[in-house]
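Order-wise, the sequence lines are chains C and G.
Our numbering applies: residue 1 is where the first sequence begins, and numbers increase by one.
Our numbering applies: residue 335 is where the second sequence begins, and numbers increase by one.
Take a look at the structure below.
There are 2 protein chains.
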Amino acid sequence: MKRLYNRPDAVVDEAVEGLALVHPDLLRLSPDPMYVTRADAPVRGRVALVSGGGSGHEPMHVGFVGPGMLSAACPGAVFTSPTADQVEAAARAVDGGAGVLLIVKNYSGDVMNFEMAAELLAADGIATETVLVADDVAVEDSTYTSGRRGVGATVLVEKICGAAAERGADLAAVAELGRKVAARSRSLGLALSAGTVPATGRPGFVLADDEIEFGVGIHGEPGRERRPMEPADALTDRALAAVLDDFAADELTGDVLLFVNGLGSATPMECAIVARRAVRTLGERGLRVARSLVGQYMTSLDMLGVSLTVLRLDDDLARLWDDPVETVALRWGR
Amino acid sequence: MKRLYNRPDAVVDEAVEGLALVHPDLLRLSPDPMYVTRADAPVRGRVALVSGGGSGHEPMHVGFVGPGMLSAACPGAVFTSPTADQVEAAARAVDGGAGVLLIVKNYSGDVMNFEMAAELLAADGIATETVLVADDVAVEDSTYTSGRRGVGATVLVEKICGAAAERGADLAAVAELGRKVAARSRSLGLALSAGTVPATGRPGFVLADDEIEFGVGIHGEPGRERRPMEPADALTDRALAAVLDDFAADELTGDVLLFVNGLGSATPMECAIVARRAVRTLGERGLRVARSLVGQYMTSLDMLGVSLTVLRLDDDLARLWDDPVETVALRWGR
Chain C
1 MKRLYNRPDA VVDEAVEGLA LVHPDLLRLS PDPMYVTRAD APVRGRVALV SGGGSGHEPM
61 HVGFVGPGML SAACPGAVFT SPTADQVEAA ARAVDGGAGV LLIVKNYSGD VMNFEMAAEL
121 LAADGIATET VLVADDVAVE DSTYTSGRRG VGATVLVEKI CGAAAERGAD LAAVAELGRK
181 VAARSRSLGL ALSAGTVPAT GRPGFVLADD EIEFGVGIHG EPGRERRPME PADALTDRAL
241 AAVLDDFAAD ELTGDVLLFV NGLGSATPME CAIVARRAVR TLGERGLRVA RSLVGQYMTS
301 LDMLGVSLTV LRLDDDLARL WDDPVETVAL RWGR
Chain G
335 MKRLYNRPDA VVDEAVEGLA LVHPDLLRLS PDPMYVTRAD APVRGRVALV SGGGSGHEPM
395 HVGFVGPGML SAACPGAVFT SPTADQVEAA ARAVDGGAGV LLIVKNYSGD VMNFEMAAEL
455 LAADGIATET VLVADDVAVE DSTYTSGRRG VGATVLVEKI CGAAAERGAD LAAVAELGRK
515 VAARSRSLGL ALSAGTVPAT GRPGFVLADD EIEFGVGIHG EPGRERRPME PADALTDRAL
575 AAVLDDFAAD ELTGDVLLFV NGLGSATPME CAIVARRAVR TLGERGLRVA RSLVGQYMTS
635 LDMLGVSLTV LRLDDDLARL WDDPVETVAL RWGR
């Protein structure tokens, strides 16, 4: 393995430290237990949003900390859940008196540790609500998950709930909104090759030259099937078909947000080629791509692949999506 | 080669089409000759900025089209200069009566075709000025270049000149500013592995498992030397030393902008690990990193590597850097 690392066991610490170092206006790092908050936290009277998960998915989650999105993120080791201690400490640090929303991807370790943190916080009188994200239609149970895995929809939940919190919505309303976004989202990913695991220096799995993993998880978990490689348009249509088939027939109308997510090594050209086909295919299915996000936002180290997420919009969700956000990975103004 | 393409010869067309399709509010595509303008072009009374170059360096340049940065970008085929026709047509489309600044990376084909376009425009009474970017300290002449190659500083020239144009500066002033940014910038890149060329399906060059190309060009041109692989901190210091040695001794003081640029497959963690070391090493040399940009902005397909650019700031440059920008790849508000 040749990578831009110093020591495999220092990758996460050094990367988070580097990110905090170049964004002192935006981020504040607490090293032990490790979490990153927005520099102006706690914000009095506003619901705080805390997420986290294993590292190796950057820019998620630390790249989404800032005004209009997360209040804090807790990075675990690579592909390893953060501890309950991290989550508890982060939530305490950002609680502004209006309670804390915990945004959790559906992996057993994450669910357990966020639950434990919520209990510790409750014992101290800090109110929490949890939004569980489980949008991956590929498989029902998986290596680290009972039920569906949480993938791309997490980014959308964090953005939209962050906007509502910034506008002053209360904890129950922000949580309800997060559950709504999660419920209206479906995703599927596919890999042409695996990411390189820092601890071993090896790819997480091996595919033949003419093979893809269809429905891959963001830790390299097996998907629905290994299939022959196809051109980008055919792969895009195949992934979209799986996503759309999971909605009820009467839901397949109106405006959607299309999220084309590179899983690590997909180039901007590859992401755009997939987006081109996806916009057209959705159009042919009667869905208008009213909002989109195209790029690397939730990766699996340097995996070569892409995931597609479709969120059924309504006016409220579109408005909150458009609200200003100022984070490392997502930034826009009014 | 497994990549998310349809046909190798359609990669650029489909990618640019996809990008324009998902950003209809921001971009307008003219297919033949191919160029992309900001959707509101021409902007009356404002200097227009036109750049372009071979594709394979995304998000450069199309990702930098929008308010506060480029008025138009002309994508050539992969690693191939755009034609004079493309540049001429783009400049005509965005000229708002205040003239057109051409921002050119120093490669022989680009220089020739932008010069030819400038002559055609002059014949029709459209005023142009050219800023030539040649910031790569690695080598004096190279495969496609007489003199130094133009690399990372191009992003900085485009951002800062775009802000000045948006504020209403005239053509001579915007051009002078661009030359100032170029003159105060130095860069160096290094590769751990090459990008995969779409037309051949093969890497542009091959390195041994323990080898890097130090001073690599963005088309895989040879650098200063092939060297043994080292940890990220050592590579960062080695690249920074080459960059800083190229400034005069009395210039090594004050505020700088640090640009850590992933060349394609470097993960956000790898870019952040390099940035962490660079901020510290610059600090030890008496330079304060007052602004930074860390991520993939000027790539070489899926090359694994990174380039470092240092721009000596002054108050004027810092203020223009902070001005709002709204493009696919760089966005921030007031």
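Don't be surprised by glycine CBs; every beta carbon is placed ideally from N, CA and C.
- Item | Rounded C-alpha distance that separates C/L207 from G/S476 | Taking the first sequence and counting its residues from 1, the one referred to as residue 207 of chain C is at position 207. Taking the second sequence and counting its residues from 1, the one referred to as residue 476 of chain G is at position 142. Answer to the nearest angstrom: the Cα atoms are 38 Å apart.
- Item | Near-chain C residues of the stretch 589-604 of chain G - C-beta to any C-beta below 7 Å | G598, S599, A600, T601, P602, M603 and E604
- Unbroken stretches of the alpha helix (DSSP H), 4 residues or longer, contained in the stretch 399-468 of chain G: 418-428 and 442-457
- Message: Using a 10 Å radius around the Cβ and a threshold of 16 neighbouring Cβ atoms, would you call C/T253 buried or exposed?
- Response: To locate residue 253 of chain C, count along the first sequence from 1; it is residue 253. The residue is exposed, with fewer than 16 neighbouring Cβ atoms inside 10 Å.
- Mind checking which residues open and close the beta strand (DSSP E) that includes G/A576? For the purposes of this step, residue 576 of chain G is taken as residue 242 along the second sequence, with counting starting at 1. Per DSSP, G/A576 belongs to no beta strand (DSSP E); it is in the alpha helix (DSSP H), A566 to D579.
- Message: Tell me which residue opens and which closes the alpha helix (DSSP H) that C/D315 is part of.
- Response: Counted from its first residue, the first sequence places residue 315 of chain C at position 315. Counting along the chain, the alpha helix (DSSP H) containing C/D315 begins and ends at D315 to D322.
- Would you call the CB atoms of C/S185 and C/T309 closer than 7 Å? On the first sequence, position 185 is the one that residue 185 of chain C refers to. On the first sequence, position 309 is the one that residue 309 of chain C refers to. For C/S185 and C/T309, yes; Cβs fall inside 7 Å.
- Query: Is the Cβ-Cβ distance between G/G386 and G/H395 less than 7 Å?
  - Reply: Walking along the second sequence from the start, residue 386 of chain G turns up at place 52. Walking along the second sequence from the start, residue 395 of chain G turns up at place 61. Yes, the pair counts as a contact, with Cβ atoms nearer than the cut-off.
- Task: May I ask you to verify whether the stretch 125-136 of chain C touches the stretch 86-101 of chain C, counting CB pairs closer than 8 Å and requiring at least 3?
- Result: yes
- CA-to-CA distance, C/M229 to G/Q630, given in whole angstroms: As a working mapping, residue 630 of chain G is identified with position 296 in the second sequence. As a working mapping, residue 229 of chain C is identified with position 229 in the first sequence. Computed Cα separation, rounded: 27 Å.
- Message: From the DSSP secondary-structure annotation, give me the bridge partner or partners of G/G535.
- Response: To locate residue 535 of chain G, count along the second sequence from 1; it is residue 201. Answer is none; G/G535 lacks a bridge partner.
- Query: How many angstroms separate the CA atom of C/V197 from the CA atom of C/G56?
  - Reply: Within the first sequence, residue 197 of chain C is the residue found at index 197, counting from 1. Within the first sequence, residue 56 of chain C is the residue found at index 56, counting from 1. When rounded, the distance between both Cα atoms is 9 Å.
- Taking the alpha-carbon positions, what's the C/F259 to C/L293 distance? The residue labelled residue 259 of chain C in the question sits at position 259 within the first sequence. The residue labelled residue 293 of chain C in the question sits at position 293 within the first sequence. The alpha-carbon atoms of C/F259 and C/L293 are separated by roughly 5 Å.
- Task: With distances taken Cα to Cα, identify the nearest neighbour of C/T236 among C/S307, C/R28 and C/W332.
- Result: Working through the first sequence from its first residue, we reach residue 236 of chain C at position 236. It is C/S307 whose Cα lies nearest to the Cα of C/T236.
- Message: For the pair the stretch 84-99 of chain C and the stretch 30-47 of chain C, tell me if three or more CB-CB distances fall below 8 Å.
- Response: yes
- Item | Where C/A134 falls, given that 16 or more other Cβ within 10 Å makes a residue buried | Position 134 of the first sequence, counting from 1, holds the residue named residue 134 of chain C. Answer is buried; the Cβ neighbour count reaches 16.
- Runs of alpha helix (DSSP H) lying entirely within the stretch 582-644 of chain G, each at least 4 residues, in chain order: 602-618
- Query: Cβ atoms of G/R362 and G/V399: under 7 Å apart, would you say?
  - Reply: Looking up residue 399 of chain G in the second sequence gives position 65. Looking up residue 362 of chain G in the second sequence gives position 28. Not a contact, by the Cβ cut-off of 7 Å.
- Message: In this structure, how does DSSP classify C/E14 when only helix, strand and coil are distinguished?
- Response: In the first sequence, residue 14 of chain C corresponds to position 14, counting from 1. In this structure, C/E14 counts as helix in the three-state DSSP scheme.
- Item | Cβ separation of G/A406 and G/A375, assumed to be a contact under 8 Å, to the nearest whole Å | Within the second sequence, numbered from 1, the residue matching residue 406 of chain G stands at position 72. Within the second sequence, numbered from 1, the residue matching residue 375 of chain G stands at position 41. Contact flag correct, Cβ pair sits at about 7 Å.
- Would you call the CB atoms of G/R611 and G/D580 closer than 7 Å? The residue labelled residue 611 of chain G in the question sits at position 277 within the second sequence. The residue labelled residue 580 of chain G in the question sits at position 246 within the second sequence. Cβ distance not < 7 Å, so G/R611 and G/D580 don't count as in contact.
- Item | Closer than 7 Å to chain G by CB, C/V294 | Within the first sequence, numbered from 1, the residue matching residue 294 of chain C stands at position 294. It does: the Cβ of C/V294 has a partner Cβ on chain G nearer than 7 Å.
- Message: On the DSSP letters alone, give me the boundaries of the beta strand (DSSP E) that G/G388 sits inside.
- Response: Within the second sequence, residue 388 of chain G is the residue found at index 54, counting from 1. Here the beta strand (DSSP E) through G/G388 covers A382 to S389.
- Query: Is it buried or exposed for C/D81, if we count other Cβ within 10 angstroms and need 16 for buried?
  - Reply: Start at 1 with the first residue of the first sequence, and residue 81 of chain C comes out as number 81. In the sequence on display, residue 81 of chain C carries Ser and not Asp. Per the 10 Å Cβ criterion, buried.
- Item | Where G/P342 falls: helix, strand or coil (DSSP) | Counting from one through the second sequence, the residue named residue 342 of chain G turns up at place 8. G/P342 falls in the helix class under three-state DSSP.
- Ends of the alpha helix (DSSP H) at G/T661? Reading the second sequence from its first residue, position 327 is the one you call residue 661 of chain G. First-last for G/T661: undefined, no H or E at that position.
- Query: Can a CB atom of chain G be found closer than 7 Å to the CB of C/R331?
  - Reply: Within the first sequence, residue 331 of chain C is the residue found at index 331, counting from 1. For C/R331, the answer is yes, since a Cβ of chain G falls inside 7 Å of its Cβ.
- Flag this pair as yes or no: are the beta carbons of G/A300 and G/L522 separated by less than 7 Å? In the structure displayed, chain G extends from 335 to 668; residue 300 of chain G sits before or after that span and is not available.
- Message: Run through chain C and tell me which residues come within less than 8 Å of G/G609, C-beta to C-beta.
- Response: Looking up residue 609 of chain G in the second sequence gives position 275. One detail in the question is off: residue 609 of chain G reads as Ala in this sequence, not Gly. Here the neighbours are G18, L19, L21 and V22.
- Task: Using a Cβ-Cβ cut-off of 7 Å, state whether G/K439 counts as contacting chain C.
- Result: Walking along the second sequence from the start, residue 439 of chain G turns up at place 105. Not closer than 7 Å to any Cβ of chain C, the Cβ of G/K439 fails to qualify, so no.
- Query: For C/A199, which residues from the same chain have a beta carbon less than 8 Å from its beta carbon, with the 5 sequence-adjacent residues on both sides left out?
  - Reply: Here residue 199 of chain C refers to the residue found at position 199 of the first sequence. Here the set comprises P8, D9 and V78.
- Message: With a threshold of 7 Å between beta-carbons, can C/V11 be considered close to chain G, or not?
- Response: In the first sequence, counting from the first residue as 1, residue 11 of chain C sits at position 11. Output row for C/V11: interface = yes.
- Task: Kindly indicate if chain C contains any beta-carbon less than 7 Å away from that of G/K493.
- Result: Counted from its first residue, the second sequence places residue 493 of chain G at position 159. It does not: the Cβ of G/K493 has no partner Cβ on chain C nearer than 7 Å.
- Identify the residues that DSSP records as bridge partners of G/I546: which are they? As a first step, residue 546 of chain G is located in the second sequence; it is residue number 212 there, counting from the start. DSSP output for G/I546 lists G/R561 as bridge partner(s).
- Taking C/L320 as the reference, which of C/A164, C/M112, C/V111 and C/P231 has the closest Cα? Numbered from 1 along the first sequence, position 320 holds the residue referred to as residue 320 of chain C. Of C/A164, C/M112, C/V111 and C/P231, the residue nearest in Cα terms is C/A164.
- Three-way DSSP call (helix, strand, coil) for C/A138 in this model: Mapped onto the first sequence, residue 138 of chain C falls at position 138. Of the three classes helix, strand and coil, the one that applies to C/A138 here is coil, per DSSP.
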